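There are 2 protein chains.
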Amino acid sequence: MPDVLRQIGTIARALDSISNREFQQLALSKGQYLYLVRICEQPGIIADRLAAQLQVDRTTAARAIQKLVTQGLVEKRAAINNRKNKALFPTVLGQRRAQVIERENQYSNQVALTDLTATEAEQLTHLLTKVSQRVTADWQTVKAGQSRPY
Amino acid sequence: MPDVLRQIGTIARALDSISNREFQQLALSKGQYLYLVRICEQPGIIADRLAAQLQVDRTTAARAIQKLVTQGLVEKRAAINNRKNKALFPTVLGQRRAQVIERENQYSNQVALTDLTATEAEQLTHLLTKVSQRVTADWQTVKAGQSRPY
DNA sequence: AATGTTTTGTTGTAAATACAGCAAAATAAC
DNA sequence: GTTATTTTGCTGTATTTACAACAAAACATT
């Protein structure tokens, strides 16, 4: 059984630190880009849902989003028939920034796939989807306080 | 061109936070497990080399390793014919801890690959290796202060 | 309807993370 | 051999990250 854990970790760290560095030009600090693009793609989403989607700690996501609000890139609005949830929406400025992020992400994705054929790239996503499902399940249990039998 | 960036990021974050949580039982704080296993596998390695290998910021790695030293899990020794480099070695206690980490990592890897056949798993590593090479190259340039044409 | 459970937002807090920048040693270039 | 460049370790510092814990709202159970 080959090791994919380490490979995935290394690639992810590299891509994340590249993005974080590049988005300093947009006055975005570490991690913020993640949330901003997603909010643009899924306007109205709430923080907890976004955190679960990104597999990020709730409070980490909440604080990062709060900062986006302070910076005027995102808005929180009370949900229509719900006094608890706060729906997230990008501002016009936020949308502009998100376009740059999207472009950069696409570029990075392109670089990552440079040496793969089209079919290989499809295979890769397909396999990663399967991996993701299993890992997500474990993440949820562990985050919920349960322990794994390793 | 399918998106693999996000998939890789999500999987990596999930696995990392699972590990960090589980290793609290070993009194290891966020990130430390990464360095400890590698030092055990490559005794005598220096901090900068390890950081490059893991694709982690130099100073982040340095501080994490320093904490491992303080905790008595790792030792720094002056290199034989070199007054600058500090070679890293695990202590006996460090090696014991590393065994648990290794077991956990193998378990996570196993979980991740549950739904893949043996050949699919091989394919996946093969593809990830190709991805890794390209991404590593970009990481090095960006970390060195150069910018990419996205 | 009343009670118990889950979800969501939020804060306090300790720690990791990553930037810039320094000095000393090592290596490369001349 | 001397000078320039790179490597390595380290520190100061601002910020993010993630834990625990709380309250209020929503939802589920009876």
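Protein chains in written order, with this note's numbering: chain X, 1 to 150; chain C, 1001 to 1150. For glycine and all other residues, C-beta sits at the position ideal for the given N, C-alpha and C. What you are looking at is a predicted structure, and each value in this text was computed from that prediction instead of being measured.
1. Closer than 9 Å between beta carbons: that is the criterion. Which residues of the segment 1112-1137 of chain C meet it against chain X?
2. One question on the structure: do C:Asp1115 and X:Gly9 come within less than 8 Å of each other, judged by their Cβ atoms?
3. Between X:Gln32, X:Lys86, X:Gln140, which has its C-alpha nearest C:Ile1011's C-alpha?
4. With a threshold of 8 Å between beta carbons, is C:Tyr1033 in contact with chain X?
5. Flag X:Ser17 as yes if its beta-carbon sits less than 8 Å from any beta-carbon of chain C, otherwise no.
6. With distances taken between CB atoms, is the gap from C:Pro1002 to X:Thr119 smaller than 8 Å?
7. So that I know if they touch, is there some Cβ in chain X lying closer than 8 Å to that of C:Ser1029?
8. Take C:Ala1079 and list the residues in its own chain whose beta-carbon comes closer than 6 Å to its own, dropping the five residues that flank it on each side.
9. Would you kindly report the start and end of the unbroken beta strand (DSSP E) that includes X:Ala87?
10. Would you list, in chain order, the members of the segment 82-116 of chain X that have their beta-carbon closer than 9 Å to a beta-carbon of chain C?
11. In the DSSP output, what is X:Glu75 paired with across the bridge?
12. State the DSSP-derived secondary structure class of X:Gln42, mapped to helix, strand or coil.
13. State the Cα-Cα distance for the pair X:Pro90 and X:Leu36, rounded to the nearest angstrom.
14. Which word fits C:Gly1072, buried or exposed, when buried means at least 16 other C-beta atoms lie within 10 angstroms of its C-beta?
15. Roughly how many whole angstroms lie between the Cα atoms of X:Thr129 and C:Leu1113?
16. Secondary structure at X:Arg83, three-state DSSP: helix, strand or coil?
17. Three Cβ pairs or more, each shorter than 8 Å: is that satisfied between the segment 30-49 of chain X and the segment 98-106 of chain X?
18. From the DSSP output, in three-state form, read off X:Thr114 for me.
19. Over the uninterrupted alpha helix (DSSP H) stretch that includes X:Ala168, give me the two end residues.
20. Could you pull out every residue in the same chain whose Cβ sits closer than 7 Å to the Cβ of X:Leu26, ignoring the five residues on either side in sequence?
21. If X:Thr52 sits next to X:Gln32, beta carbons under 8 Å apart, how far is it from one beta carbon to the other, in whole angstroms?
22. Counting only Cβ pairs nearer than 7 Å, list the residues of chain C close to X:Thr10.
23. Between X:Asp48 and chain C, is the shortest Cβ-Cβ distance under 8 Å, so that the two count as touching?
24. Determine whether the Cβ of X:Gln7 lies closer than 8 Å to any Cβ atom of chain C.
25. Closer than 8 Å, CB to CB, is C:Arg1021 near chain X or not?
Checking against the coordinates, here is how it stands:
1. Ala1112, Leu1113, Thr1114, Asp1115, Leu1116, Ala1118, Glu1120, Ala1121, Glu1122, Gln1123, Leu1124, Thr1125, His1126, Leu1127, Leu1128, Thr1129, Lys1130, Val1131, Ser1132, Gln1133, Arg1134, Val1135, Thr1136, Ala1137
2. no
3. X:Gln140
4. no
5. yes
6. no
7. no
8. Asn1085, Ala1087
9. 86-90
10. Val100, Arg103, Glu104, Asn105, Gln106, Tyr107, Ser108, Asn109, Gln110, Val111, Ala112, Leu113, Thr114, Asp115, Leu116
11. X:Phe89
12. coil
13. 7 Å
14. exposed
15. 11 Å
16. coil
17. yes
18. coil
19. No statement about residue 168 of chain X is possible, as the shown extent of chain X runs from 1 to 150 and does not include it.
20. Arg97, Val100
21. Strictly speaking, residue 52 of chain X in this sequence is Ala, with Thr absent from that position. No, X:Ala52 and X:Gln32 are not in contact; Cβ-Cβ is about 18 Å, not under 8 Å.
22. Leu1054, Gln1055, Ser1132
23. no
24. yes
25. yes
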